[in-house]
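In the numbering used here, the protein residues as written are 1016 to 1164. Single-structure report; data block below.
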């Protein structure tokens, strides 16, 4: 299931996200983590159990060990986040969420509604091919064509 199918996930303001993360550190990394975890279509893969619809499961890549992946779970109900757990070392903390959970919360609860993230995948469309050399205009040609007497 992709994130657009998770329509009942609560909309989260930046203030609510700050309350869940208990600071800005996780949110700074959440945006880049989200960009890394979207597929080419811009979807974030989310797993939902039909028997427990208010609990999401996400597989996410470690920032530090390329071969390591973690599962995280987020419980939501009645427009609020009611619980979370991540298998990473910081995931079981009592106060605040880890960067992995913050990434999913930021994407599902905020970014997908505001479309505020910009992917680095979009940058090539604004670049020009350096191997193409524009035709140089002789200054005498521009003087002749630009002035009429």
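For each residue, glycine too, the CB sits at the ideal point set by N, CA and C.
Item: Cut-off 7 Å between Cβ atoms - residues of its own chain near residue 1101, not counting five sequence neighbours on either side; Value: 1085, 1087, 1113, 1115, 1116
Item: Sequence-distant residues of the same chain with beta carbon closer than 6 Å to residue 1077, five excluded per side; Value: 1083
Item: Residue 1070 beta carbon less than 8 Å from that of residue 1090; Value: yes
Item: Residue 1026, buried or exposed, once every other Cβ within 10 Å from all chains shown has been counted against 16; Value: exposed
Item: Beta carbon of residue 1024 nearer than 8 Å to that of residue 1093; Value: no
Item: Under 8 Å between C-beta atoms of residue 1036 and residue 1111; Value: yes
Item: Bounding residues of the beta strand (DSSP E) (the contiguous stretch that carries residue 1095); Value: 1095-1101
Item: Exposed unless 16 or more other CB atoms sit within 10 angstroms - verdict on residue 1073; Value: buried
Item: Contact check, residue 1118 vs residue 1075, beta carbons under 8 Å; Value: yes
Item: Straight-line Cα distance separating residue 1099 from residue 1105; Value: 12 Å
Item: Counted within 10 angstroms of its Cβ, other Cβ atoms place residue 1125 as buried (16 or more) or exposed; Value: buried
Item: Counted within 10 angstroms of its Cβ, other Cβ atoms place residue 1045 as buried (16 or more) or exposed; Value: buried
Item: Residues that DSSP places opposite residue 1087 in a beta bridge; Value: 1073, 1101
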